[in-house]
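Novice: Residue 106 in the UniProt record's numbering sits at position 106 of the sequence shown, and the numbers go up by one each step.
Cβ coordinates follow ideal geometry from the N, Cα and C atoms, glycine included.
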Amino acid sequence: AAGRSCSCRGVGLQTAWETFTAWCNSHLRKAGTQIENIDEDFRDGLKLMLLLEVISGERLPKPERGKMRVHKINNVNKALDFIASKGVKLVSIGAEEIVDGNAKMTLGMIWTIILRFAIQDISVEGKGLQAVGACFWGTARG
């Protein structure tokens, strides 16, 4: 869906998806990995925890290695708890939404992480990260 204002015209879910994926990968590559699908690859919480470690320079609690839903929820909760410990409010974003692959909630979580931890702006296809994020989040919540 395109944004509602002129400055957001053409900034839809796909643009946010590509821009946020590029931002995540720019950090995950430092740890020797990357993601392909933002709503799939963070579902078990492992790469999400790794991303937070890379961008914060801090260690998170040891992740659970099980494949059951409860392990995935616990890992995502560890990541969300870490984000909250940095004073970031994650309004209506819960571990279940991330584990279930809810694209808008996952993108919203990534945007929140970017706002808290991003030091440098990246540009994808001429669209600045902040512009894409602001347009996406404004239309996703509306």
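Suppose you measure from the CA of Asn-75 to the CA of Ser-85; what does that come to, to the nearest Å?
Specialist: The residue given as residue 75 occupies position 75 in the sequence shown. The residue given as residue 85 occupies position 85 in the sequence shown. In a straight line, the C-alpha of Asn-75 is about 15 Å away from that of Ser-85.
Novice: For Asp-39, which of helix, strand or coil comes out of DSSP?
Specialist: Stepping through the sequence shown from its first residue, residue 39 is reached at position 39. The answer is helix: DSSP assigns Asp-39 an H, G or I state.
Novice: With C-beta atoms as the reference, is Ile-93 less than 9 Å away from Arg-116?
Specialist: The residue labelled residue 93 in the question sits at position 93 within the sequence shown. The residue labelled residue 116 in the question sits at position 116 within the sequence shown. Not in contact: Ile-93 and Arg-116 (Cβ atoms no closer than 9 Å).
Novice: Using 8 Å as the cut-off, can you tell me whether the stretch 61–71 makes contact with the stretch 23–38, which would need three or more C-beta pairs spanning the two stretches below that distance?
Specialist: Contact fails: fewer than three Cβ-Cβ distances are below 8 Å.
Novice: Just how far apart, CA to CA, sit Lys-104 and Asp-81?
Specialist: Within the sequence shown, numbered from 1, the residue matching residue 104 stands at position 104. Within the sequence shown, numbered from 1, the residue matching residue 81 stands at position 81. Roughly 20 Å separates the two Cα atoms.
Novice: When you compare only the Cα positions, how much space is there between Gly-108 and Glu-58?
Specialist: By one-based count along the sequence shown, residue 108 stands at place 108. By one-based count along the sequence shown, residue 58 stands at place 58. If you take the alpha carbons of Gly-108 and Glu-58, they lie about 22 Å apart.
Novice: Could you pull out every residue in the same chain whose Cβ sits closer than 7 Å to the Cβ of Lys-72, ignoring the five residues on either side in sequence?
Specialist: Translated into positions along the sequence shown, residue 72 becomes position 72. Closer than 7 Å at the Cβ level, and outside the excluded window around Lys-72, lie Arg-43, Asp-44, Gly-45 and Val-99.
Novice: Alpha carbon to alpha carbon, how far is Thr-112 from Asp-41?
Specialist: For the purposes of this step, residue 112 is identified with residue 112 of the sequence shown, where counting begins at 1. For the purposes of this step, residue 41 is identified with residue 41 of the sequence shown, where counting begins at 1. So the alpha carbons of these two residues sit roughly 18 Å apart.
Novice: Should Ala-22 and Glu-53 be called a contact, given that it needs their Cβ atoms to be closer than 9 Å?
Specialist: For this step, residue 22 is matched to residue 22 along the sequence shown. For this step, residue 53 is matched to residue 53 along the sequence shown. No, these two residues do not count as a Cβ contact at 9 Å.
Novice: So what's Val-91 in DSSP terms, helix, strand or just coil?
Specialist: What you label residue 91 is simply residue 91 of the sequence shown in a count that begins at 1. Val-91: coil per DSSP, three-state reduction.
Novice: Under a Cβ-count criterion, where at least 16 other Cβ atoms within 10 Å of its own Cβ denotes burial, should Met-49 be classed as buried or exposed?
Specialist: The residue labelled residue 49 in the question sits at position 49 within the sequence shown. Answer is buried; the Cβ neighbour count reaches 16.
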